[in-house]
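Peer 1:
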Amino acid sequence: MAALKHFLQLMDLTREELDHIFVRTRWIKQQFKSYQQYWPLQDRTLVMIFEKASTRTRLSFEAGMQQLGGSAIYLNTRDSQLGRGEPVEDAAQVISRMSDIVMIRTFEQDIIERFAANSRVPVINGLTNEYHPCQILADIYTYIEHRGPIQGKTVTWIGDSNNVCNTWLQAAEVFDFNVRVSTPPGYEIEPERAGLHGTGHYEEFADPMIAARGADLVTTDVWTSMGFEAENDERLRDFADWQVDADMMKQAKPAAVFMHCLPAHRGEEVAAEVIDGPQSVVWDEAENRLHAQKALMEYLLLGHLETK
Ligand code: CP
Ligand code: NVA
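Using my numbering, the letters of the sequence shown map in sequence onto residues 1 to 308.
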């Protein structure tokens, strides 16, 4: 039985643990691609709690758990007591007595922290307003798969300083790479909210074209994240110059890759010519959610397994 560990933000795991998860991701992916059955989590149950919409996160966790031999149960706030005011601490006590691992997609990070503090089983952040660690786990694995180690590389983030951006900034500290960030005025990074220890791994640029210069990886995300829909019209105006298009990609290194966590809005944060173009790795990125999260669940439940 592995010691109780949660994955509420990327920095909850060390560089060594994350590197180990990447080794396991590669092996688990190979097994899956060669139709080899691998059921280390037989009889284990994952509970997935969604307070916001999802396609990839739900599918990758549910399919992933089944592929590891376990089962997954989907709960949402609309048709469970979670949406009717049951304290999160009580829900955590009950849910964690009936399951082996829990994944939560919710609003404030505080909700998932409170759940984890009252949980007997590992809790995984499937996206909060502040962080999206499973996404960046898959993204870094995808970068390594395409281009090798990310240490010392330059990642450019264009757009909103949201949950995905915050997690890239944490990853830069853990894996020792640089992030060049360009946000419109009023949407800048909040280092404390991003949970950063220092300021040495990122630089901010007023001009997104300058931010993209020399990048090894260019990435962006929607201008309006879930929970911020009331600001949509204002954001459409404020972010108009922060679209990743072919001219912006030309500023990056010729071998640069483009990533987007998806869902994407072509013609807003990204031009179709980029997301559907040769530098885009977004489909591998989405697929790797499955493999990386299987390795994450294996690690949280079974600890460090040797790769043959
Ligand atoms: N990228 C991501 O988390 O997608 P979903 O919102 O579809 O889960
Ligand atoms: N930043 C986006 C990511 C969606 C996967 C959101 O929070 O809505």
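C-beta atoms are modelled at their ideal positions from N, C-alpha and C, and glycine is treated no differently.
1) Pull the bridge partners of asparagine 178 from the DSSP assignment, please.
2) Three or more C-beta pairs under 8 angstroms: does that hold for the segment 51–70 against the segment 284–292?
3) State the Cα-Cα distance for the pair leucine 120 and proline 87, rounded to the nearest angstrom.
4) To the nearest angstrom, how far is it from the Cα of glutamate 16 to the Cα of leucine 169?
5) By the three-class DSSP mapping on this structure, what secondary structure does threonine 219 have?
6) In terms of residues, what are the limits of the beta strand (DSSP E) holding serine 310?
7) How about the segment 250–263 and the segment 231–239: do they share at least three Cβ pairs that are nearer than 8 angstroms?
8) Can you tell me the Cα-Cα spacing of glutamate 130 and glutamine 31, whole angstroms?
9) Just the C-alpha distance for phenylalanine 7 and isoleucine 124, rounded to the nearest angstrom, thanks.
10) Kindly identify the DSSP beta-bridge partner or partners of histidine 260.
11) Does threonine 219 pass the burial test, meaning 16 or more other C-beta atoms within 10 Å, or should it be called exposed?
12) What residues are listed by DSSP as bridge partners for arginine 105?
13) For leucine 75 and valine 94, what's the separation of their Cα atoms in angstroms?
14) When the Cα of threonine 142 is compared with those of Gly267, Val270, Trp283 and Ala240, which residue comes out closest?
15) For glutamate 173, count neighbouring Cβ atoms within 10 angstroms of its own Cβ and tell me buried if that reaches 16, exposed if not.
16) Based on the DSSP secondary-structure assignment, which residues constitute the bridge partners of arginine 266?
Peer 2: Answer, in terms of the structure:
1) Thr154
2) yes
3) The amino acid occupying residue 120 in the given sequence is arginine; leucine does not appear at that position. Distance between the alpha carbons of arginine 120 and proline 87: 16 angstroms.
4) 18 angstroms
5) strand
6) No information on residue 310 is available, as it lies outside the stretch 1 to 308 that the chain covers here.
7) no
8) 33 angstroms
9) 5 angstroms
10) Thr220
11) buried
12) Phe50
13) 13 angstroms
14) Trp283
15) buried
16) Val270
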